[in-house]
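K.L.:
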Amino acid sequence: MKPLLVASMLMLTSASAAQAEADHAAIARASLTEVIRPGYAAFRDAADGLKTNIAALCETPSAAALKDAREAFAATVAAWSEVEIFRFGPVGEKHRHERVFYWPDPKGLGLKQVRDVLANKDEAATLPDELAKKSVALQGLPAFEYLLYGDGADGLATRDGATPKGAPLPEIPTDAAFRCAFALAAATNIDRIAKSIVEGWREGSAYEKSFLGPAPEDPRYHTPKEVALDLFKSLTSGIELVRDQKLGKPLGASPDQARPKLAAFWRSGLSLDNAAGNLEGVRALFAQGGFAQVVAGESAGVENSILFDLDNAIKVLRGIGAPIEEAVKDEPSRAKLEALRVSLKSARDTASDMISRGADLSFGFNAGDGD
Amino acid sequence: MQIERRTLLTGLASSAACLVLPRAAAALQLECFAAARKDGSGNFSAALFTLDSDVQTVELPDRGHDIALKPDGSEWVAFARRPGRFGVAVPVGPQPPVWFSTKPDRHFFGHGVFSADGRLLYSTENDYAHAQGVIGVRDATDAYKQIGEFSAHGIEPHDIALLPDGRTMVIANGGIETHPDSGREELNLSEMQPSLIYVDARTGDLIEEHRLAPELYQLSIRHLAIAAGGTVVFGCQYRGPEEDAPALMGFHRRGERPVIVEAPAETQIALRNYIGSVAADRGGGIVAASAPKGGLVTYWDVTARRYLGASELADGCGLAPTHQAGHFLLTSGEGWLAKADASGAMSRQLSDFQWDNHAILVR
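Going line by line, the protein sequences match chains A and B. Numbering-wise (this note's numbering), the first sequence opens with residue 10 and increments by one. Numbering-wise (this note's numbering), the second sequence opens with residue -11 and increments by one.
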């Protein structure tokens, strides 16, 4: 009868088990210090810049101020994209991940809620503390994108949108003034979430303790292996996220069946940058988080071919040079994206096989499945 | 090749022992179980098996989940794991399996149950366009054609069972919204509404509905078993902060309030906020609940509503009663088939399969 892969894993000698444990701890430490902390720090800085730019826009609206705000938004999306692949840790608490990035949203729930708030000029949405209690779909970057790029966004550049510094919003604000106040509350909220995540991972935090010193009585992680598994999962599911959700869904089977509006950030034209950023995050985790060494230990040189595939995919995504709604209708662009999806799959499968063998990591068949 | 022939022959021999004997005599024989699984080459199947060998297998196009048994034992049904759409009914005997599927705008959640007379098959399904749970009704006497559907009175109906009265059905509504366009992503964790629902199986009418305390809104009720005296024992998964580690096991009898019971503190934490399956033993006095994330199977006294003990089994999830009271079959994603009880004693053997979340005793 066919031997079962997992059966052979059970036969690890105690010496190699100790080695595996040391590897897991090394992966945890490298990932935290080299990837997770710098990634969230960059997101915090970008979110802080976004808040500052929106405050300036609301105070003194102009085409230039709107342009600056949109650039700050693009920088925030770029920084978020690199840490989006992580769903554990402080970002996994208090729905922070969903609050920053409520996506996918196939029913357009977020859009509907944002439009309702705009139509009703619901004052609570202009107060960061109140907004934080509202639907997660109203709080994050996709909702924010509609405020900066959706119908009526150009009004933000006109004097209608002005609210003097420190002044309260008038009882009956103009559409543009309300929109800007909502955007400022949203930016403030995102900035606060970003700061909470950075704070949650800081040196001496409870999360750092669980992550670097897992123990049987710890509520989060019992063993270094569990930590490494969470990171491994971010790596493989990060590639799947780009391949299937970010690209596969909008591309569809043919140009006629393409659904570009299923893409994240299509309004701002940042869809492909977002996907590229996700892969930058995966690349950082692979190269600096210790996984590349594991692969190299299994078969020297293969780590470079995985890096090559990731780098190439990032280059292709950055080089498409057209918004996704055009790219999915354009045969040469489609061909490039489809080829990229194939190479991502092979990179993911190779990395996954070698890491699960080399570092004795496998996802529970039942434990991992959420049923 | 030789190996395959041996499998087939053992299968046939056990088949005679397992299937042909009258049920009364079966207690003396090897137990016969059914479960879904995956082999070392990545193929999915469901099987009727003894601890010695396979008796009957059916290849599945994708990963399966639970098995429903016709009350007379003449057929077993395997369901696709969510968000799959296939089901297959396998007659115990030479007749070919009958394949069926959900409507195009539904998918299975992986669980189902037959009516007491065996004529109807009920299954938990997702009407995802409307984010509503439904119970599909199929005619087991006519190729499992779908003949109706009624509301599950909640989001994400998962496990489902028939009470001993043969008429009342109990449904565990997990309360988590998912959509096939988003894979298995959970879309509404901040607005979950899990519930335990009783309906009239003949009409679909709501008879009783229970929600947990508001602060437990992220405690997803997913699996259940009918134990002694019609007590419904349910196991939950908690989607809130990991360190909360709330109690995950509930006991309920019609007309009363559900009681949620904790394990001892160190075990409670070790369950990792996740119960994967629940099964009652032969007599219904003891219930086992698996915690695959924690690598534990816990045992509970149904009458006293208290924790009895645990067995350790990494990625252990599937549970079924055996012929012996208090003893269970345990299956794991790492290939183990084990028999164990609340004392923690366990005998186990390695198989060639990664066993899926659920198992049942066929006879």
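All residues carry an ideal CB built from backbone N, CA and C; glycine is no exception.
#1: Taking the alpha carbon of residue 25 of chain B as the point to measure from, which residue in B/350, B/62, B/325 and B/201 has its own alpha carbon closest?
#2: Cβ closer than 7 Å: which chain A residues qualify as neighbours of residue 233 of chain B?
#3: Per DSSP, residue 186 of chain B is paired with what?
#4: For residue 283 of chain B, tell me which candidate among B/345, B/273, B/112 and B/234 has the shortest Cα-Cα distance.
#5: Comparing C-alpha positions only, which one of B/250, B/141, B/176 and B/214 sits nearest to residue 371 of chain B?
#6: What does DSSP give as the partner residues of residue 313 of chain A in its beta bridges?
#7: Using beta-carbon positions only, say whether residue 23 of chain B and residue 267 of chain B come within less than 8 Å of one another.
#8: Hey, out of A/296, A/302, A/252 and A/266, whose CA is closest to residue 281 of chain A's CA?
#9: Would you say residue 115 of chain A lies against chain B (beta-carbon separation less than 8 Å)?
#10: Cβ of residue 332 of chain B less than 8 Å from any chain A Cβ?
#11: Does DSSP put residue 334 of chain B in a helix, a strand or coil?
#12: Look at the alpha carbon of residue 65 of chain B and the alpha carbon of residue 76 of chain B, and state the distance between them as a whole number of angstroms.
#13: Just list the residues that DSSP pairs residue 211 of chain B with in beta bridges.
#14: I need the boundaries of the beta strand (DSSP E) containing residue 67 of chain B, first residue and last residue.
#15: Which runs of the beta strand (DSSP E) at least 3 residues long sit entirely within the stretch 93 to 149 of chain B? Give them in chain order.
#16: Considering only residues of the same chain and omitting the five flanking positions on each side of residue 340 of chain B, which have a CB-CB separation below 8 Å?
#17: Taking all protein chains shown into account, do 16 or more other C-beta atoms lie within 10 angstroms of the C-beta of residue 202 of chain A, making it buried, or fewer, making it exposed?
#18: Figure out for me which residue from B/32, B/155, B/97 and B/39 has the closest Cα to the Cα of residue 104 of chain B.
#19: Listing by chain order, which chain A residues have their CB less than 8 Å from the CB of residue 197 of chain B?
#20: Pick helix, strand or coil for residue 346 of chain B, following the three-state DSSP scheme.
#21: Are residue 304 of chain B and residue 330 of chain B touching if we call contact CB-CB under 8 Å?
#22: Can you confirm whether residue 375 of chain A, when its beta carbon is compared against all beta carbons of chain B, has any partner nearer than 8 Å?
#23: Could you work out which residues of chain B lie near residue 33 of chain A, taking near to mean beta carbons separated by less than 8 Å?
#24: Any beta carbon of chain B sitting closer than 8 Å to that of residue 380 of chain A?
#25: Just to confirm, are residue 134 of chain B and residue 126 of chain B a CB contact at a threshold of 8 Å?
#26: So residue 311 of chain A contacts chain B; which residues on that side make the cut at Cβ distance below 7 Å?
#27: Is there a Cβ from chain B that is less than 8 Å from the Cβ of residue 102 of chain A?
#28: From the beta carbon of residue 258 of chain A, is the nearest beta carbon of chain B less than 8 Å away?
#29: Okay, do the stretch 182 to 191 of chain B and the stretch 206 to 220 of chain B touch, 3+ Cβ pairs below 8 Å being the bar?
#30: Drop a sphere of 10 angstroms on the beta-carbon of residue 87 of chain B, count the other beta-carbons inside from all chains shown, and report buried for 16 or more, exposed for fewer.
#31: Exposed or buried, residue 114 of chain A, counting other C-beta atoms within 10 Å across all chains shown (16 or more means buried)?
#32: Going by DSSP, what residue range makes up the beta strand (DSSP E) through residue 371 of chain A?
#33: Which residue marks the beginning of the beta strand (DSSP E) containing residue 324 of chain B, and which one marks its end?
#34: Which bits of chain A does residue 70 of chain B rub up against, with CB to CB less than 9 Å?
#35: If you reduce the DSSP assignment to three classes, tell me which class residue 290 of chain B lands in.
#36: Start and end of the alpha helix (DSSP H) containing residue 106 of chain A?
P.N.:
In short, the structure shows the following:
#1: As a first step, residue 25 of chain B is located in the second sequence; it is residue number 37 there, counting from the start. The residue with the shortest Cα to Cα distance from residue 25 of chain B is B/325.
#2: Translated into positions along the second sequence, residue 233 of chain B becomes position 245. Proximity of chain A to residue 233 of chain B at the Cβ level (cut-off 7 Å) is accounted for by 228, in chain order.
#3: The residue given as residue 186 of chain B occupies position 198 in the second sequence. The bridge partners DSSP lists for residue 186 of chain B are B/158 and B/196.
#4: Walking along the second sequence from the start, residue 283 of chain B turns up at place 295. The option with the nearest alpha carbon to residue 283 of chain B is B/345.
#5: There is simply no residue 371 of chain B to check, as chain B begins at -11 and stops at 351 in what is shown.
#6: Taking the first sequence and counting its residues from 1, one reaches residue 313 of chain A at position 304. Residue 313 of chain A pairs with nothing; no bridge assigned.
#7: Taking the first residue of the second sequence as 1, we reach residue 23 of chain B at position 35. Taking the first residue of the second sequence as 1, we reach residue 267 of chain B at position 279. Between residue 23 of chain B and residue 267 of chain B, the gap from beta carbon to beta carbon reaches 8 Å or more.
#8: As a position in the first sequence, residue 281 of chain A is number 272, starting the count at 1. Residue A/252 holds the alpha-carbon nearest to the alpha-carbon of residue 281 of chain A among A/296, A/302, A/252 and A/266.
#9: Taking the first sequence and counting its residues from 1, the one referred to as residue 115 of chain A is at position 106. So, interface residue.
#10: Position 344 of the second sequence holds residue 332 of chain B. No, residue 332 of chain B does not count as interfacial toward chain A.
#11: Counting from one through the second sequence, the residue named residue 334 of chain B turns up at place 346. In this structure, residue 334 of chain B counts as strand in the three-state DSSP scheme.
#12: Taking the first residue of the second sequence as position 1, residue 65 of chain B is located at position 77. Taking the first residue of the second sequence as position 1, residue 76 of chain B is located at position 88. Rounded to whole angstroms, the gap between the alpha carbons of residue 65 of chain B and residue 76 of chain B is 5 Å.
#13: On the second sequence, residue 211 of chain B is found 223 positions in, with the first residue counted as 1. For residue 211 of chain B, which the question treats as bridged, DSSP gives the partners B/223.
#14: Translated into positions along the second sequence, residue 67 of chain B becomes position 79. Residue 67 of chain B -> beta strand (DSSP E) spans 63 to 68.
#15: Here the runs fully enclosed are 95 to 102, 108 to 115, 120 to 127 and 133 to 139.
#16: The residue labelled residue 340 of chain B in the question sits at position 352 within the second sequence. Cβ within range, chain order: 27, 28 and 323.
#17: By 1-based counting over the first sequence, the position of residue 202 of chain A is 193. By the neighbour-count rule (16 or more Cβ atoms within 10 Å), residue 202 of chain A is buried.
#18: Translated into positions along the second sequence, residue 104 of chain B becomes position 116. The candidate whose alpha carbon is nearest that of residue 104 of chain B is B/155.
#19: Along the second sequence, read from residue 1 onward, the residue named residue 197 of chain B stands at position 209. By Cβ distance, chain A contributes nothing, its closest Cβ being about 23 Å from residue 197 of chain B, past 8 Å.
#20: Mapped onto the second sequence, residue 346 of chain B falls at position 358. Here DSSP, grouped into helix, strand and coil, assigns residue 346 of chain B to strand.
#21: Numbered from 1 along the second sequence, position 316 holds the residue referred to as residue 304 of chain B. Numbered from 1 along the second sequence, position 342 holds the residue referred to as residue 330 of chain B. In this structure, residue 304 of chain B sits away from residue 330 of chain B, with a CB-CB distance that is not shorter than 8 Å.
#22: On the first sequence, position 366 is the one that residue 375 of chain A refers to. Cβ-Cβ to chain B under 8 Å: yes for residue 375 of chain A.
#23: Within the first sequence, numbered from 1, the residue matching residue 33 of chain A stands at position 24. None at all; the shortest Cβ gap to chain B is about 16 Å.
#24: To locate residue 380 of chain A, count along the first sequence from 1; it is residue 371. It does; some Cβ of chain B falls within 8 Å.
#25: Here residue 134 of chain B refers to the residue found at position 146 of the second sequence. Here residue 126 of chain B refers to the residue found at position 138 of the second sequence. Less than 8 Å separates the beta-carbon of residue 134 of chain B from that of residue 126 of chain B.
#26: Position 302 of the first sequence, counting from 1, holds the residue named residue 311 of chain A. The premise fails here: residue 311 of chain A is roughly 22 Å from chain B at the closest Cβ pair, so nothing lies under 7 Å.
#27: Here residue 102 of chain A refers to the residue found at position 93 when the first sequence is read from its first residue. Taking 8 Å as the CB threshold, residue 102 of chain A lines the interface with chain B.
#28: In the first sequence, counting from the first residue as 1, residue 258 of chain A sits at position 249. For residue 258 of chain A, the answer is yes, since a Cβ of chain B falls inside 8 Å of its Cβ.
#29: Touching, yes, given that three or more Cβ pairs across the two stretches are closer than 8 Å.
#30: Here the question's residue 87 of chain B lines up with position 99 in the second sequence. By the 10 Å Cβ count, residue 87 of chain B comes out exposed.
#31: In the first sequence, the residue the question calls residue 114 of chain A occupies position 105. With 16 or more other Cβ atoms within 10 Å, it is buried.
#32: Stepping through the first sequence from its first residue, residue 371 of chain A is reached at position 362. Here residue 371 of chain A belongs to no beta strand (DSSP E), and DSSP marks it neither H nor E.
#33: Residue mapping note: residue 324 of chain B aligns to position 336 of the second sequence, counting from 1. Residue 324 of chain B -> beta strand (DSSP E) spans 324 to 329.
#34: Here residue 70 of chain B is taken as the residue at index 82 of the second sequence, counted from 1. In chain order: 380.
#35: Within the second sequence, the letter at position 302 stands for residue 290 of chain B. Correct three-state label for residue 290 of chain B: coil.
#36: Residue numbering aside, residue 106 of chain A sits at position 97 when the first sequence is read from its first letter. 105 to 109 is the extent of the alpha helix (DSSP H) around residue 106 of chain A.
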